[in-house]
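The next block holds one structure in the form of structure tokens; read it before the comments.
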Amino acid sequence: MSIKIHHGPDGTFKTSGAIKDDILPVIKSGRTLVTNIRGFSKKNSIKVLGRRNVHKDFDVIFVDTEIQAGRDKLARFFHWAPRGSFFVIDEVQRIFKPKWTAKDVALLNYVGGTAQAELDDRPEDMDTAWDMQRHYNWDFVFTTTSITKVRAEMKDMAKVAVRHINLGLWRFYKTVEHATDSRGTTKSSQGTVKYFNYVPSKIFALYSSTKTGAFTNSEPRTAFYRDPKVLGLLCCLAVLWSYLFSKSDVKILGGADNTVTQTVEDDNQKLSNKTSKISTDGDSDSIANAAVDDVSDELHNKMGAIEPFIKATIITGSVFTGSTALSRGFDSTYAFSANYDNKELSFTSMDLVDRGYRVDWITSCKAAITLDEQTEYVYCSLDTLVTPDLPVNFKSNNSDFSSS
Numbered sequence: 111m112s113i114k115i116h117h118g119p120d121g122t123f124k125t126s127g128a129i130k131d132d133i134l135p136v137i138k139s140g141r142t143l144v145t146n147i148r149g150f151s152k153k154n155s156i157k158v159l160g161r162r163n164v165h166k167d168f169d170v171i172f173v174d175t176e177i178q179a180g181r182d183k184l185a186r187f188f189h190w191a192p193r194g195s196f197f198v199i200d201e202v203q204r205i206f207k208p209k210w211t212a213k214d215v216a217l218l219n220y221v222g223g224t225a226q227a228e229l230d231d232r233p234e235d236m237d238t239a240w241d242m243q244r245h246y247n248w249d250f251v252f253t254t255t256s257i258t259k260v261r262a263e264m265k266d267m268a269k270v271a272v273r274h275i276n277l278g279l280w281r282f283y284k285t286v287e288h289a290t291d292s293r294g295t296t297k298s299s300q301g302t303v304k305y306f307n308y309v310p311s312k313i314f315a316l317y318s319s320t321k322t323g324a325f326t327n328s329e330p331r332t333a334f335y336r337d338p339k340v341l342g343l344l345c346c347l348a349v350l351w352s353y354l355f356s357k358s359d360v361k362i363l364g365g366a367d368n369t370v371t372q373t374v375e376d377d378n379q380k381l382s383n384k385t386s387k388i389s390t391d392g393d394s395d396s397i398a399n400a401a402v403d404d405v406s407d408e409l410h411n412k413m414g415a416i417e418p419f420i421k422a423t424i425i426t427g428s429v430f431t432g433s434t435a436l437s438r439g440f441d442s443t444y445a446f447s448a449n450y451d452n453k454e455l456s457f458t459s460m461d462l463v464d465r466g467y468r469v470d471w472i473t474s475c476k477a478a479i480t481l482d483e484q485t486e487y488v489y490c491s492l493d494t495l496v497t498p499d500l501p502v503n504f505k506s507n508n509s510d511f512s513s514s
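Read left to right, the sequence shown gives residues 111 to 514 (this note's numbering).
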């Protein structure tokens, strides 16, 4: 991790965010935590998180920076901090003041000078400590009200900065990752943006966010959900939603088109009235002869125009007036003719099958047309028989043309 900086105004969940994102993994890993976060301890961590969630090697070195001695001690961390320590320094600008001069920084040098620092394997001064912090396996997380208050040598070594924004909605906040040489306020400088981050209540139980121990989310800015643009968008969506569900049959949700349905019903009635009744139950002499190859385009168009409602109009005796069967077995194609609109139309059994009908050959001059479990029979006349095309077991007698 090296160095990470959380920054933002007071009340933007910097400290709680650092605990949630950075300290919780440390608690589980067993590293030593060096921090000045008020009220944070290993004992309290076990109490809040449970012993099973706290590594047995995890330890906390708390430095009270409310007093000057504590601030001086933390500023000289490189004099005493164990190797491999993880630092979380709250309000870092109070510890490493941005207005320090070179003389002020020199006061932090290792006691005994460079020679003693080499003997103790410690950095001799603060600049060296920041340059070699990875050599000692130190990681740092800083929180501050403004990234401009962090000293330049510390920002130069930092890998990432995270700007915090309070959304004014319970314990939610927004974060914007960016390079440390900017404030993260422009689009060009921004990296990963997390619009909704949430702080669980147990995080606040791990430390004291204020000296009184109480936390109040008092955000002076208008909450995002009260933004006029957001409210306007929500209102438009609500109106659209209400309109869609106020319709009894919404097409987009699968409702029927009443106009199309009525048109189909009218066409079906017209077709029923204008065609003659199909020959059934012994009326075999009313069949007209037609050629198989003479398939009428007009009938195709008429039948296609009322799809997919054609199944709803069961073929009764009023649709087809005749058929001519050229039978060569059960896989044969049969030709039929019908009188539609005073026009002789021709079609085949394949045309019917394509539209969902079942055509069954019964005899050389009798076929059954079935749709939705309703069957009608059609016949041919004696003079349309083509003897060579009949099955070998065909016997010409009157029973072939009797009523079914």
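C-beta: ideal position from N, C-alpha, C; glycine also.
In terms of alpha-carbon separation, which member of the options lies closest to residue i?
| i | options | result |
| --- | --- | --- |
| methionine 267 | Arg186, Asp241, Cys346 | Asp241 |
| valine 251 | Lys265, His245, Thr258 | Lys265 |
| glutamate 483 | Pro192, Gly466, His165, Val173 | Gly466 |
| glycine 149 | Leu316, Ala478, Ser299, Gly127 | Leu316 |
| aspartate 230 | Ser319, Ser256, Ala191 | Ala191 |
| phenylalanine 188 | Phe172, Tyr246, Ile129 | Tyr246 |
| lysine 259 | Lys209, His274, Trp248, Asp249 | Lys209 |
| glycine 140 | Ser155, Thr473, Ala185 | Ser155 |
| aspartate 291 | Ala262, Leu462, Lys304 | Ala262 |
| tyrosine 305 | Ile275, Ser311, Thr296, Ser319 | Ile275 |
| asparagine 163 | Arg186, Trp471, Val215, Lys138 | Lys138 |
| alanine 239 | Gly160, Glu486, Ser112 | Ser112 |
| glycine 194 | Asp464, Ser356, Val136, Pro338 | Val136 |
| glycine 127 | Val463, Ser319, Arg186 | Ser319 |
| valine 158 | Ser311, Leu343, Asp461 | Ser311 |
| phenylalanine 196 | Pro338, Ala478, Val463, Gln243 | Gln243 |
Only counting the same chain, and skipping five residues up and downstream in sequence, which positions put a Cβ closer than 6 Å to that of residue i?
| i | result |
| --- | --- |
| serine 459 | Thr443, Tyr444, Val469 |
| aspartate 200 | Thr125, Asn146, Ile147, Thr253 |
| glutamate 287 | Val270, Val272, Gly301, Thr302 |
| valine 170 | Leu143, Ser151, Lys152 |
| glutamate 234 | Tyr220, Thr224, Ala227 |
| asparagine 307 | Tyr283, Thr285 |
| aspartate 403 | At aspartate 403 the pLDDT is 39, less than 50, meaning the model places this residue with poor confidence; the figure from the coordinates comes in the next sentence. Excluding residues within five positions, none has a Cβ falling inside 6 Å. |
Mapping DSSP to helix, strand and coil, what is residue i?
| i | result |
| --- | --- |
| glycine 301 | strand |
| alanine 271 | strand |
| arginine 204 | helix |
| threonine 125 | helix |
| aspartate 131 | helix |
| tyrosine 467 | coil |
| valine 136 | helix |
| tyrosine 317 | coil |
| tyrosine 308 | strand |
| threonine 423 | Low confidence applies to threonine 423: its pLDDT is 36, below 50, so where it sits in the model is not reliable, and the reading given next is rough at best. Residue state, collapsed to three classes: coil. |
| threonine 487 | Here residue 487 turns out to be tyrosine, not threonine, going by the sequence shown. Residue state, collapsed to three classes: strand. |
Got a sec? Which residues, its chain only, sit under 7 Å from residue i by beta carbon, not counting five neighbours each side?
| i | result |
| --- | --- |
| lysine 130 | Val309, Ile313 |
| proline 119 | Thr255 |
| serine 299 | His288, Ala289, Ser292 |
| serine 204 | For the record, residue 204 in the displayed sequence is arginine; it is not serine. For arginine 204, where only same-chain residues beyond five positions count, the Cβ hits under 7 Å are Thr175, Arg181. |
| glycine 110 | This structure does not reach residue 110, given that the chain is present from 111 up to 514, and the question cannot be answered. |
| valine 202 | Phe252, Thr253, Thr254, Val260 |
| valine 198 | Ala128, Asp132, Ile133, Leu143, Thr145, Ile147, Val251 |
Mind checking whether the beta-carbon of residue i lies closer than 7 Å to any heavy atom of the ligand ADP?
| i | result |
| --- | --- |
| valine 272 | Within the structure as shown, the ligand ADP is missing, as the structure has no ligands at all. |
Examine chain C for any beta-carbon lying closer than 8 Å to the beta-carbon of residue i, and answer yes or no.
| i | result |
| --- | --- |
| lysine 153 | In the structure shown, chain C cannot be found, because there is only a single protein chain. |
Ignore the nearest five residues each way along the sequence and tell me which others in residue i's own chain have a CB closer than 8 Å to its CB.
| i | result |
| --- | --- |
| phenylalanine 123 | His274, Asn276, Arg281, Tyr283, Asn307, Val309 |
Runs of alpha helix (DSSP H) wholly within the segment 148 to 190 (minimum 4 residues, chain order)
152 to 159, 178 to 185, 187 to 190, all fully within the segment 148 to 190.
Please determine if the segment 173 to 182 and the segment 280 to 298 are in contact, where contact requires at least 3 C-beta pairs separated by less than 8 Å.
Contact fails: fewer than three Cβ-Cβ distances are below 8 Å.
Continuous beta strand (DSSP E) assignments of at least 3 residues falling wholly in the segment 208 to 288
Every unbroken stretch of the beta strand (DSSP E) spanning 3 or more residues and falling wholly within the segment 208 to 288 is given here in chain order: 249 to 254, 270 to 279, 282 to 288.
Would the segment 218 to 226 count as touching the segment 159 to 169 if we require 3 or more Cβ pairs under 8 Å?
Put simply, the segment 218 to 226 does not touch the segment 159 to 169. Fewer than three CB pairs are less than 8 Å apart.
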